[in-house]
Each structure stands twice: as C-alpha cells, then as structure tokens.
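Residue numbers (my numbering), protein chains in the order written: chain Y, 6 to 441; chain E, 645 to 816. Note that the Cβ used here is the ideal one computed from N, Cα and C, for glycine as well. Just so you know, these numbers come straight off a predicted model, no measurement behind them. Single-structure report; data block below.
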Amino acid sequence: MTGTETLIREALAAVADPQQADVERMWHEFQATAQATTQTRRPHNQWFIPLAAATATLLVMGLIVVGRAQLDSGRHEAPANPGIEFSLDRLPTWQNGASATAFPLPTPVSTPIAFDVAALTNNMPRPGHSRVVVYYADNPSRLCVIEIFRPTTGAEHTTSIACEGQSAYVNTPVSRGFGWILGTVPPAATRVKVTADGQPVNAEVVTRTGMPRPVFFAQFPESNTVGGTASVRWWFIDAGGRTVGEGPEAFPTTPIRPTNNPPYRATPVSEIATFDLPTQRSDPPGSRRILQIYYAGSSVGWCSKLHVTKSGGSGDPPTAAEDCGATAPTDRVIPSGAFLPASEYGNSFWGVMPPGATRTVVVVTDGKQIPVQTAQPTGMPNGVYAGSVAAGELDHPNPMYFLDAEGRVIAAASWRRFTRPPSCHEGVCTYDDGGQ
Amino acid sequence: MAGDALRLDNPPRRLTDFEAFYRRRIAPTVRLAALLGCEDPENAAQEAMLRLHRRWPDFATDADASAFLRRIVVNLSRDYWRRSQLRRRKPRYDVTVTATVEDLAVVHEEHREVLAGIARLSTRQREAVILRYWQDLAEAEIAAAMNTSAGSVKTHLSRAMRSLTQYLEVRR
Chain Y
6 MTGTETLIRE
16 ALAAVADPQQ
26 ADVERMWHEF
36 QATAQATTQT
46 RRPHNQWFIP
56 LAAATATLLV
66 MGLIVVGRAQ
76 LDSGRHEAPA
86 NPGIEFSLDR
96 LPTWQNGASA
106 TAFPLPTPVS
116 TPIAFDVAAL
126 TNNMPRPGHS
136 RVVVYYADNP
146 SRLCVIEIFR
156 PTTGAEHTTS
166 IACEGQSAYV
176 NTPVSRGFGW
186 ILGTVPPAAT
196 RVKVTADGQP
206 VNAEVVTRTG
216 MPRPVFFAQF
226 PESNTVGGTA
236 SVRWWFIDAG
246 GRTVGEGPEA
256 FPTTPIRPTN
266 NPPYRATPVS
276 EIATFDLPTQ
286 RSDPPGSRRI
296 LQIYYAGSSV
306 GWCSKLHVTK
316 SGGSGDPPTA
326 AEDCGATAPT
336 DRVIPSGAFL
346 PASEYGNSFW
356 GVMPPGATRT
366 VVVVTDGKQI
376 PVQTAQPTGM
386 PNGVYAGSVA
396 AGELDHPNPM
406 YFLDAEGRVI
416 AAASWRRFTR
426 PPSCHEGVCT
436 YDDGGQ
Chain E
645 MAGDALRLDN
655 PPRRLTDFEA
665 FYRRRIAPTV
675 RLAALLGCED
685 PENAAQEAML
695 RLHRRWPDFA
705 TDADASAFLR
715 RIVVNLSRDY
725 WRRSQLRRRK
735 PRYDVTVTAT
745 VEDLAVVHEE
755 HREVLAGIAR
765 LSTRQREAVI
775 LRYWQDLAEA
785 EIAAAMNTSA
795 GSVKTHLSRA
805 MRSLTQYLEV
815 RR
C-alpha cells in the first residue's frame with residue numbers, strides 16, 4: 006500500500022460521524038416511517054392485480070369483438086356443425102385477479118369457438134358446466150384452449166388456459182379436460198369418429214375464420230369422464246368416407262395432471278391443512294405465503310388455496326393470489342409416478358402422500374434435502390405435504406421419498422422438471438430426456 | 645434419505661432478520677452518506693433502509709442486501725448533488741477530535757489535506773475512492789455500487805490517485 010493510500014484510509018477513518026448515529030432512536034423512527042409508508046403506499050400487487058384483471062378482460066372483450074366482426078363478415082361460411090358461438094353473453098368473467106394474472110391470454114389470430122360441456126357431477130363438487138374456448142394464437146399453428154367453469158349459482162370463472170407447447174395440459178394435437186377432448190384434424194378430414202371405452206361419443210369438426218386447420222371436439226358420457234382415464238380412440242374421415250388418420254390406441258391410463266384442474270373454491274369435506282411457506286421473490290415485501298389444502302370429495306379430490314398476505318395482523322385480507330387447484334403454472338413439471346406434486350405455484354409445491362406415509366423427503370441434486378411440511382387433518386384420506394424451493398433447485402431429476410412413522414421408505418418417485426416442452430404427436434408426448 | 649437433517653418446519657425467512665441488519669448497518673450507512681457528501685446523511689441512510697426494506701425478501705444474503713444498500717446511498721448522493729443548487733460546492737469533511745489537538749495536530753493537518761484533495765475529485769472518482777479505501781470493497785463490488793463496470797472503476801481510481809498525489813505534493 007502506498008503512502009497516499011494509507012493517508013486516504015486514515016483520513017477517511019478520521020472523518021467525524023456526523024450524528025454519532027443513535028441507532029435506537031433511528032430504528033424507532035424507521036419503524037414509524039416504514040409503517041406509514043406501508044399504509045399510504047399501495048403494494049404494487051394491489052395495483053397490478055386489478056390492472057391485470059382489467060387488461061385480461063379487455064383482451065377477452067377485444068377477442069370477442071374481433072371474433073364477432075369476423076363472424077359477421079363470414080356468416081356465409083355456415084359450417085355444417087358450427088359449435089357454439091362465443092358471444093358477448095358468454096363473456097367469461099374473471100372471478101379474481103389471481104385468475105387473470107395466472108392465465109395470460111395469448112393474442113388470437115383466429116375467431117374463437119366455444120363448446121359447452123354439460124354438467125358433470127362426477128367431477129364437479131358444485132352443479133354447473135364448463136365452456137371450452139379454442140382458438141389459434143400468435144401464429145397460425147398454435148392452438149390455445151381456455152376452460153371456463155360456470156356454476157349453477159355464482160359467477161363463472163376461468164379454470165385453465167393453455168396453448169400448444171406451453172403446458173402438459175395441452176397435448177398436440179389433442180387437449181383434454183374433465184369430460185372432453187379436442188384437437189386439430191388433418192387437412193382432408195371433414196368429420197371425426199370418437200369412441201370412449203369402445204362406445205361412440207358425440208364429436209364434431211368445426212372451423213372458423215383464421216384457422217388453418219379445423220378442430221374437433223368430443224364430449225364423453227359422464228361414466229367416462231373421471232380424470233380422462235377412458236380409453237379413447239378417434240378416426241379422421243374425409244368427404245369420401247375414407248379414414249385419413251386415427252388417434253392413439255388409448256389415452257395414458259394415468260392422467261398427466263390428475264388434479265390439475267379441479268373446480269375453483271370447491272367445498273371442503275375435510276379439515277383444512279394450513280402451511281406457512283417461505284415467501285417468494287414475487288411476493289410483496291412483508292407478506293406471508295400461506296397454503297391451504299383440503300379434500301373436496303368425489304373425484305375432484307384435493308384442492309389448494311394459496312394466500313399471500315401482508316404481515317401485521319391476522320385480520321389482514323389476502324393481497325395476492327388465491328387459488329384452488331387451477332394454479333396452472335405447471336409447465337414442464339411432469340410427474341413420473343404416483344403421489345407427485347399435484348400443484349405448483351411459483352416455487353411452492355404440494356401433493357398427496359401415499360397411504361401410511363407420514364413424511365416426505367425431496368432431495369435436490371447436490372444431496373441437500375428440501376424442507377417439506379406434512380399434515381393429515383381429520384377427513385383427509387391421505388396426508389398432504391407442501392414446501393418451497395429456491396429458483397433452480399428442482400431443475401434436475403429429484404428423488405422424492407415417502408416415509409412411514411418408523412422412517413421406512415414406503416414409496417419413491419422422481420420429480421422431473423423438463424427444460425423443453427414435450428414434443429407430441431397423435432397424443433403421445435416425448436420429453437427431452439427421451440421418456441414418454 | 646430420511647436423515648435427521650430433515651426439518652418439517654421451514655427455516656425462518658430473512659425478513660425477521662431485518663432489524664438486526666438495520667442495527668448493524670445503519671451507522672456505517674450514515675457514515676457512507678456523509679462521506680459521499682449528502683447534506684443530511686441520516687435522512688439519506690433512512691431512505692436507503694426504507695428502500696431496502698421494501699425489497700428485503702429478494703435478498704438471499706447479507707452481502708446482497710449490503711450491496712443493494714450501498715448502491716442506493718450512492719444514487720441518493722448523486723441525486724442530491726444533481727438537484728442541489730450548490731452543486732458546484734464540494735463536500736465538507738470534519739475531522740474527528742479523538743485526542744488532544746496538540747498531539748495529533750500534524751496528523752490531522754495531513755488528514756485535512758487529504759480530505760480536501762478528495763473533495764476536489766470528480767463525483768465518480770470520489771465515490772470510487774471512498775468505497776475502495778473506506779469500505780475496503782473490491783473493484784467488482786465498487787462497480788456494482790456505482791452501477792458501472794470494473795474497468796471504469798479502475799480508471800476512476802487510477803485518475804483519483806494521480807490527482808490526489810499531485811495535489812498533496814504541491815501542498816508539501
């Protein structure tokens with residue numbers, strides 16, 4: 006160190022502390038200022054959520070207006086089986102900001118088609134029906150699907166939205182929800198024949214302005230709807246009655262996302278397990294992240310609600326996301342076995358343990374164990390677990406173990422996060438590690 | 645796999661540690677604001693802490709939070725000098741009197757000269773010198789605080805040292 010450098014250090018060290026900082030006084034002043042700032046300053050998410058909701062609603066309205074304009078100009082098309090028009094009286098309402106922000110609406114490049122799905126009591130804890138809206142977005146080959154749940158009472162709400170290549174929920178060329186499938190058809194096909202468990206089901210081929218290829222839609226009878234486990238086959242037929250393509254031998258017997266899409270705010274039939282999870286970067290400062298899981302009965306099974314609340318009192322209302330199953334951002338998280346995370350929101354995850362398990366252990370690639378909380382409130386047939394990870398901690402195959410009270414491993418699985426969306430053909434998807 | 649290390653409860657988040665961080669860092673932050681020439685260093689430090697508090701959950705380590713804090717203080721001092729009608733003035737430094745003036749008179753006089761030289765530096769050079777020789781930061785950390793590149797920091801430090809050396813030689 007040179008003499009000048011030494012002098013600089015000494016000189017700077019000798020500069021008087023201008024206030025001889027009174028830490029205690031400053032801390033009290035800081036607390037008062039921070040509290041006042043919090044009360045007067047609207048958390049950004051309180052702006053963001055209504056803004057996002059309004060934006061999403063405007064987008065939907067724009068989509069409808071454009072769609073109607075195109076329909077008006079193209080009435081002469083009069084498709085043989087037009088499906089259900091997506092009109093203003095079917096405008097989906099965004100029940101809360103979380104739905105709008107969780108499900109961004111890709112820009113449509115085709116007129117949307119809406120299909121109504123009849124009430125499926127097996128899969129819905131409340132009476133109602135779904136509407137499935139399908140359109141091409143962003144580019145002429147990307148199919149997007151929105152599912153809207155309309156309860157008998159109360160406001161309808163969006164339960165899922167996905168586009169090809171975005172989510173396991175949409176498997177090109179076939180998407181499916183509870184009780185329905187849809188997909189694109191080969192260029193020459195004019196109709197489709199669909200069977201579920203060997204029984205013919207109603208199916209239709211529909212096209213709209215801007216669609217490079219028509220889509221087909223089929224709804225299953227109620228007996229074939231549970232989790233999409235029915236064995237489904239389909240044949241594409243051209244105008245001459247010739248088969249020009251056909252679907253897979255059967256759907257996978259294990260649904261890709263068995264609990265991906267339970268209805269929103271289902272009625273609990275069990276006590277609610279409440280987990281206090283670490284906050285995420287996206288959460289407002291000073292917030293708490295609370296995950297509630299309950300059993301909703303019937304085939305819907307498990308539901309979750311995620312609250313991100315401000316700290317400072319149990320009476321504070323939620324200020325951010327609240328979800329029940331339809332959290333949707335499950336992209337690239339593909340369960341490869343049973344009892345894997347049923348839902349993921351941000352970097353929080355939760356799932357159901359196999360019978361007899363009392364603990365869940367997730368190991369990341371460097372051998373570190375992720376803290377996982379478990380619970381089994383009264384009325385739950387199985388225990389549930391929840392946890393949170395830092396970004397990137399689950400970017401590789403991660404072993405997951407379920408242990409009983411004696412510490413014995415009674416089930417194991419692998420939780421994989423894929424770096425690329427699956428490549429799917431005829432309903433069979435190949436993932437980037439070569440698995441299916 | 646079911647090791648004892650497994651905890652069923654989640655570890656506490658950093659948010660609960662903010663008070664400890666504040667108490668540990670507020671005095672040096674006031675000092676840094678003073679050295680950078682803020683007119684009201686305590687107010688600047690409190691403002692920096694408020695901004696840090698809003699983003700507290702974003703930080704994984706104290707080092708990350710400290711780096712963010714430094715950057716805010718640097719920006720606040722720049723804002724102050726940019727806004728100030730007195731921007732042509734240089735910061736004033738008062739030397740601490742920790743012993744008898746007689747005993748330390750010579751040393752203090754040297755310090756005053758050095759501080760006067762630092763006050764004459766450009767804003768960027770002064771920032772680099774203070775962060776380097778008072779905070780003992782590496783060039784990369786200084787670059788982060790100043791929102792510039794490590795190369796620029798090296799240049800600022802080099803020119804500052806040349807300028808200070810010349811200034812002190814003339815005074816001797």
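Give every residue of the same chain whose Cβ lies closer than 7 Å to the Cβ of residue i, excluding the five residues on either side of it in the sequence, and list them in chain order.
| i | result |
| --- | --- |
| Y390 of chain Y | W355, G356, M358, T365, V377, Q378 and T379 |
| P360 of chain Y | N387 |
| V718 of chain E | L680, E771, A789 and M790 |
| W778 of chain E | L679 |
| D243 of chain Y | A193, A194, T195 and V249 |
| L652 of chain E | Bear in mind that a pLDDT of 27 at L652 of chain E, under 50, signals an unreliable position, so the model cannot answer this. |
| E783 of chain E | A794, V797 and K798 |
Could one say the Cβ of residue i lies closer than 7 Å to chain Y's Cβ atoms, at least one of them?
| i | result |
| --- | --- |
| M693 of chain E | yes |
| R698 of chain E | yes |
| Q779 of chain E | no |
| E746 of chain E | Annotation note: pLDDT 35 at E746 of chain E (below 50); position unreliable, coordinate value reported separately. No, E746 of chain E does not count as interfacial toward chain Y. |
| L680 of chain E | no |
| A749 of chain E | For A749 of chain E, the pLDDT reaches just 40, beneath the cut-off of 50, and the residue's location in the model is therefore unreliable, although a value from the coordinates is still provided. Answer no: the Cβ-Cβ gap between A749 of chain E and chain Y never drops below 7 Å. |
| I716 of chain E | no |
| Q690 of chain E | yes |
| I670 of chain E | yes |
| V797 of chain E | no |
| R667 of chain E | yes |
| L713 of chain E | no |
| L720 of chain E | no |
| L676 of chain E | no |
Please tell me whether residue i has its Cβ less than 7 Å away from any Cβ of chain E.
| i | result |
| --- | --- |
| E120 of chain Y | As written in the sequence, residue 120 of chain Y is Phe, which differs from the Glu given in the question. No, no contact with chain E. |
| R247 of chain Y | no |
| P386 of chain Y | no |
| T9 of chain Y | yes |
| L12 of chain Y | yes |
| V28 of chain Y | yes |
| M216 of chain Y | no |
| T383 of chain Y | no |
| F35 of chain Y | yes |
| T279 of chain Y | no |
| A391 of chain Y | no |
| L17 of chain Y | yes |
| T284 of chain Y | yes |
| P113 of chain Y | no |
| M405 of chain Y | no |
Please return the same chain residues whose Cβ sits closer than 6 Å to the Cβ of residue i, not counting the five positions on each side in sequence.
| i | result |
| --- | --- |
| A410 of chain Y | T363 |
| A707 of chain E | none |
| V745 of chain E | Reliability of the predicted coordinates at V745 of chain E is poor, the pLDDT of 33 falling under 50, and no value is obtained from them. |
| E686 of chain E | V674 |
Between the beta-carbon of residue i and the beta-carbon of residue j, is there less than 7 Å?
| i | j | result |
| --- | --- | --- |
| L696 of chain E | I774 of chain E | no |
| R238 of chain Y | T200 of chain Y | yes |
| T9 of chain Y | T809 of chain E | yes |
| V211 of chain Y | I118 of chain Y | yes |
| G215 of chain Y | V114 of chain Y | yes |
| Q690 of chain E | F120 of chain Y | no |
| T284 of chain Y | S292 of chain Y | yes |
| A223 of chain Y | V206 of chain Y | yes |
| P290 of chain Y | V249 of chain Y | no |
| A16 of chain Y | V758 of chain E | yes |
| A704 of chain E | A688 of chain E | no |
| W185 of chain Y | V138 of chain Y | no |
| A278 of chain Y | I295 of chain Y | no |
| S135 of chain Y | L282 of chain Y | no |
| I670 of chain E | M31 of chain Y | yes |
| R776 of chain E | V28 of chain Y | no |
Given residue i, which residues of its chain have a CB within under 8 Å of its CB, disregarding the five upstream and five downstream residues?
| i | result |
| --- | --- |
| L408 of chain Y | A362, T363, R364, T365, V366, V414 and I415 |
| Q769 of chain E | H800, L801, R803, A804 and S807 |
message = Tell me whether the stretch 700-716 of chain E and the stretch 798-809 of chain E touch, counting them as touching only if at least three CB pairs, one residue from each stretch, are closer than 8 Å.
response = No, they do not touch.
ask   = Taking a cut of 8 Å between CB atoms, which residues from the stretch 355-369 of chain Y lie near chain E?
value = Of all residues in the stretch 355-369 of chain Y, only R364, V366 and V368 come within less than 8 Å of chain E when Cβ atoms are compared, listed by chain position.
key: Contact residues within the stretch 799-813 of chain E, judged by C-beta distance below 7 Å to chain Y   = Close to chain Y, meaning a Cβ-Cβ distance shorter than 7 Å, are the following residues of the stretch 799-813 of chain E: M805, L808, T809 and L812.
message = For the stretch 763-776 of chain E, list every residue whose C-beta sits within 9 Å of some C-beta in chain Y, in sequence order.
response = Along the stretch 763-776 of chain E, going in chain order, the ones with a CB nearer than 9 Å to a CB of chain Y are V773, I774 and R776.
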